[in-house]
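Visitor:
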Amino acid sequence: MGGLVAVELWCIPLSLAGQSTLPPCSIALKLFEEHQSGFNHLPWPAQYPELNSMEHLRDEIERSLRSLGTPSSSLTQLRADIMSAWANISQQRCQKIVESIRRRISAVIIAKGGPTRY
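FYI, the numbering for the sequence shown is -17 to -1, 1 to 101, going by mature numbering (1 follows the signal peptide of the UniProt record, and there is no 0).
Have a look at this one:
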């Protein structure tokens, strides 16, 4: 490997996306078990949304939905809008969020578990 690669895998169904205490899915856990040397596995940050990359991605999706101006007219349309917003999140944005994990961890430690700028 050319350098340290940070990967966070979480499987969160859209219907549960608002809950921040969901555990990582079994698929991700199995992947970590099979390829332990290729990943830095951090425990699920149940009480710290600052450490949860999915919180940042959900914020991106929410901003995208709000930018549409009018609410979705049906559940089918809402799902399509969410999927479109998800597909439009760039790989660079995801990488930037993953790369910020060390800074976010440090901020939580300095704040002794209190609020941070993240």
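Using N, Cα and C, we set each Cβ at its ideal position, and we do this for glycine too.
1. Decide if Asn71 is buried, meaning its Cβ has at least 16 other Cβ atoms within 10 Å, or exposed.
2. Within a Cβ cutoff of 6 Å, which residues of the same chain sit near Ala40, ignoring the five residues on either side of it in sequence?
3. Quick test of your reading: Leu51 and Asp64, contact by CB under 8 Å. State the CB separation rounded to the nearest angstrom.
4. From Ile80 to Glu45, what does the alpha carbon distance come to, in whole angstroms?
5. Tell whether a beta-carbon distance below 8 Å holds between Glu33 and Arg87.
6. Is the distance from the Cβ of Ala68 to the Cβ of Ser47 below 8 Å?
7. Quick one: what does DSSP say Ile72 is sitting in, helix, strand or coil?
8. Taking buried to mean at least 16 other C-beta atoms within 10 Å of its own C-beta, is Ser56 buried or exposed?
9. Using the Cα positions of Glu16 and Ser36, report the straight-line distance between them to the nearest angstrom.
10. Sorted by chain position, which residues of the same chain lie with C-beta nearer than 7 Å to Lys95's C-beta, five sequence neighbours on each side aside?
Guide: Well, looking at it:
1. As a position in the sequence shown, residue 71 is number 88, starting the count at 1. When all chains shown are included, Asn71 counts as exposed.
2. Numbered from 1 along the sequence shown, position 57 holds the residue referred to as residue 40. In the sequence on display, residue 40 carries Leu and not Ala. Same-chain partners within the cutoff: there are none.
3. Taking the sequence shown and counting its residues from 1, the one referred to as residue 51 is at position 68. Taking the sequence shown and counting its residues from 1, the one referred to as residue 64 is at position 81. Contact holds; Cβ gap of about 7 Å.
4. As a position in the sequence shown, residue 80 is number 97, starting the count at 1. As a position in the sequence shown, residue 45 is number 62, starting the count at 1. Cα to Cα, the separation comes out at about 16 Å.
5. Your numbering for residue 33 matches position 50 in the sequence shown. Your numbering for residue 87 matches position 104 in the sequence shown. Cβ distance < 8 Å, so Glu33 and Arg87 count as in contact.
6. Position 85 of the sequence shown, counting from 1, holds the residue named residue 68. Position 64 of the sequence shown, counting from 1, holds the residue named residue 47. It is a contact, given that the beta carbons lie within the stated cut-off.
7. Along the sequence shown, read from residue 1 onward, the residue named residue 72 stands at position 89. It is coil, neither helix nor strand.
8. As a first step, residue 56 is located in the sequence shown; it is residue number 73 there, counting from the start. Per the 10 Å Cβ criterion, exposed.
9. To locate residue 16, count along the sequence shown from 1; it is residue 33. To locate residue 36, count along the sequence shown from 1; it is residue 53. When rounded, the distance between both Cα atoms is 21 Å.
10. In the sequence shown, residue 95 corresponds to position 112, counting from 1. Closer than 7 Å at Cβ, skipping near neighbours: no residue.
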